[in-house]
Ligand SMILES: *[C@@H]1O[C@H](CO)[C@@H](O)[C@H](O)[C@H]1NC(C)=O
Ligand SMILES: *[C@@H]1O[C@H](CO)[C@@H](O)[C@H](O)[C@H]1NC(C)=O
Ligand SMILES: *[C@@H]1O[C@H](CO)[C@@H](O)[C@H](O)[C@H]1NC(C)=O
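Numbering (mature numbering (1 follows the signal peptide of the UniProt record, and there is no 0)), first residue to last: -16 to -1, 1 to 738.
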């Protein structure tokens, strides 16, 4: 790609591009902005602007040395009448320097594609990500060397051309659609293209669109999307909530082999709809714009990188917000994989050339590519799965009493790439915001003003970065037994925000409040429910600590907390350990790795289910109806086939239970029926087939069977059996069920012999 170009530029520089020569420098201005807004509600935008100078000195076709100079930023909170792209004159904002090391870095290219960066080990991870962001503007695979679409013959067909590649930039390694066109001369006369005054050769426009739904590496922080069954967090669309896009337009002069980038402009957008009913959308936009200012003989040579670290590729690297040092770190497996990607592609393409035409089909090829990458230990792209190698760039799982290192959240990394805690006294700030909310709540008209809600959101986010110790300190300052005054509202706001924060420290804190009766038992149920609904990092420690908690005598005595606790906890157990799809989407597995671990699954099988079975048995022998119902439902909540073992003795009549309790057991197989239809089907079918069983139970089994999507031949069998079955209600249930099934199947009604 780019800096190799110069040979034809001017005679004086003709030798400049020979590998090893060092006498050309390109100087770019870099301008970026990131804004968040509720753009359909108001013109009010907040975010930052930044700018810098970028120097690049090409050393060879495969190596450039770069350096950033004079980086500055400015915060903006203002009304922007023309939206996020409104021009903001330099004079209207106050620029402050960004504290970067400004150490030189090296860019490694292969075939015109940026494959690696070499960064000084003393550079912060934050600065390194900034360099990746800027250098992503130069990721231009003009000759399609990473092409993935079906193609015959060579891709060096020139211009115009359209193709798809897999490409790494700061926002991920994703499918990218390229469109390359030549810009006609007359267009270039307009002012807009003033920066092209020094062009040589043809002027090319390169337009790129990233497809986030097809990715190999996709850094993201995703939480709470577990209910959107078929969407992958951070891909193009997540249900109706988020739409993500990335668009780049680059203007180059020269030809596909040798050229100069004059301008490269990228817009990344995430549009979200906060609620399904509310059509008003919010948005986060970030843009990056690099423009060539000058080039020519350099005044000085940028020195080589002193303590070189190969960072792997251009993809964003998560921060480690609480690490003592925030130095750049490596994402090693990708170096190997990249090379592998290229090799594999080459091999695939070579094999496609002559013989196997069907393989050239886009889909087939991609499938093979994926499969091979997976085998190699790369990340899987299907079903939001993650493989091991992805864990190498993930954050460590959090300690239970420490704040999790959640990446990409404003409060964990916005403060120069480290936690906001490095800059502010978080305990004091939390106390102050809680008291402000307390004041607001005393004054109802003020609450209507959205600000109070905003404050609550900020409060919750701040609590997410706090350790148990810090939460305890804040609680000591805010706790009160008074009622109905500002102080009590402040305490309630703090208490509820802790419940919603979903962290390990929040779990320990709330356990402590419940055991020391800082929360009244009527509120306790709601708090505990909210807490396990909001869980963010269900580590093994978190799950185990919660389990020990629901078993505590203090909790078991307290009604209705004893019942809510066991029901909410078992619900969480299913979402974390049993429902695989949910577990991968609801929790930030891309940042922390899987929570559904082998150890965790064994814990459910060997401890949680046996404990619940034991409690059920005790309750039955005590004839404690209320507890019996609670534990039957709790066992049902787990949703794993192992629960059949807990119910079997009662269903098979080996142990005594009332008809109603047995019925309740069948009704509680709803979750397992959805998650393990095959296993549940055979259990239910057996119950249905047992003509010695009571009608009620058989009818319940028939209705539950529907949840398991029974195959047609099973339905057929049941239909035939109605001819001899003496249980009228069962026959009616079978008919109703089959009719329903036929309707659900839609277009092709089955004809059953009854
Ligand atoms: C993006 O990728 C997904 C998954 O491979 C694919 O289904 C979809 O058609 C792609 N979208 C475009 C616009 O190419
Ligand atoms: C990018 O920056 C250049 C120079 O700073 C400016 O002329 C151009 O208008 C900018 N492009 C966009 C799309 O804002
Ligand atoms: C909850 O506590 C009440 C009162 O102590 C008791 O009657 C009830 O059986 C308990 N329920 C559970 C599920 O432990």
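All C-beta atoms, glycine included, are put in the ideal place defined by N, C-alpha and C.
Taking a cut-off of 8 angstroms for Cβ pairs, the stretch 438 to 456 and the stretch 483 to 495 touch, as three or more such pairs fall below it.
Counting only runs of at least 4 residues, the stretch 444 to 498 fully encloses the following alpha helix (DSSP H) elements, listed from N- to C-terminal order: 452 to 462, 470 to 485. Between the alpha carbons of residue 712 and residue 621 lies a distance of about 32 angstroms. When the five nearest sequence neighbours on each side are left out, the beta carbons in the same chain lying within less than 6 angstroms of the beta carbon of residue 386 are those of 451, in order along the chain. Proximity of the beta carbon of residue 252 to ligand 2 is not indicated: no heavy atom of the ligand is located closer than 7 angstroms.
Taking a cut-off of 8 angstroms on C-beta distances, the stretch 614 to 632 touches the stretch 650 to 667, as three or more cross pairs fall below it. Separation of residue 600 and residue 649 (C-alpha to C-alpha, rounded to the nearest whole angstrom) is 11 angstroms. Look at residue 15: its beta carbon is less than 7 angstroms from one of the heavy atoms in ligand 2. For residue 275, the shortest C-beta to heavy atom distance toward ligand 2 is below 7 angstroms. In this structure, the CA atom of residue 624 is about 24 angstroms from the CA atom of residue 677. Nearest to residue 454 by alpha-carbon distance, out of 409, 111, 513, 121, is 409. Apart from sequence neighbours up to five positions away, the residues of its chain that approach residue 120 with a beta-carbon distance below 6 angstroms are 153, 154, 298, ordered along the chain. Contact fails between the stretch 159 to 176 and the stretch 267 to 283, because fewer than three Cβ pairs, one in each stretch, are under 8 angstroms apart. Boundaries of the beta strand (DSSP E) around residue 148: 145 to 153.
The residues 498, 545, in chain order, have a CB closer than 6 angstroms to that of residue 508 in the same chain once the five nearest residues on each side in sequence are set aside.
The Cβ atoms of residue 124 and residue 190 lie closer than 8 angstroms to each other.
The count of Cβ pairs closer than 8 angstroms, one atom from the stretch 553 to 573 and one from the stretch 527 to 539, reaches three, so the stretches are in contact. Sixteen is the threshold: when 16 or more other Cβ atoms of the shown chains lie within 10 Å of the Cβ of residue 111, as they do, the residue is buried. Exclusion of the five residues before and after residue 15 leaves 35, 273 as the residues of its chain whose Cβ lies within less than 6 angstroms of its Cβ.
Sequence-distant Cβ neighbours of residue 248 in its own chain, meaning closer than 6 angstroms and more than five residues away, are 121, 234, 274. Under the three-pair Cβ rule at 8 angstroms, the stretch 92 to 102 does not count as touching the stretch 56 to 64. Using a Cβ distance threshold of 8 angstroms, residue 645 and residue 612 count as a contacting pair. When the alpha-carbon of residue 69 is set against those of 251, 548, 702, 289, the nearest one is in 251. With 16 or more other CB atoms across the displayed protein chains lying within 10 angstroms of its CB, residue 45 is buried.
In terms of CA proximity to residue 567, 517 leads the group 517, 42, 594.
The beta carbon of residue 550 sits closer than 7 angstroms to those of 534, 614, 618, all from its chain and outside the five residues before and after it, given in chain order.
Here DSSP, grouped into helix, strand and coil, assigns residue 188 to strand.
Annotation for residue 102: the continuous beta strand (DSSP E) segment containing it runs 97 to 104. Cβ neighbours of residue 104 within its own chain (closer than 6 angstroms, five residues either side excluded): 87, 289, 290, 291. At a threshold of 7 angstroms, residue 547 counts as near ligand 3, since its beta carbon sits closer than that to one of the ligand's heavy atoms.
In this chain, the beta strand (DSSP E) harbouring residue 63 covers 47 to 63. Following the DSSP letters along the chain, one finds residue 421 inside the alpha helix (DSSP H) bounded by residues 410 to 426. Annotation for residue 294: no alpha helix (DSSP H) segment contains it, though the beta strand (DSSP E) segment containing it runs 292 to 294.
With a 10 Å radius around the Cβ and a threshold of 16 neighbouring Cβ atoms, residue 640 comes out exposed.
Residue 570 is classed as buried because its beta carbon has at least 16 other beta carbons within 10 Å across all chains shown. Boundaries of the alpha helix (DSSP H) harbouring residue 703: 696 to 705, taken from the DSSP string.
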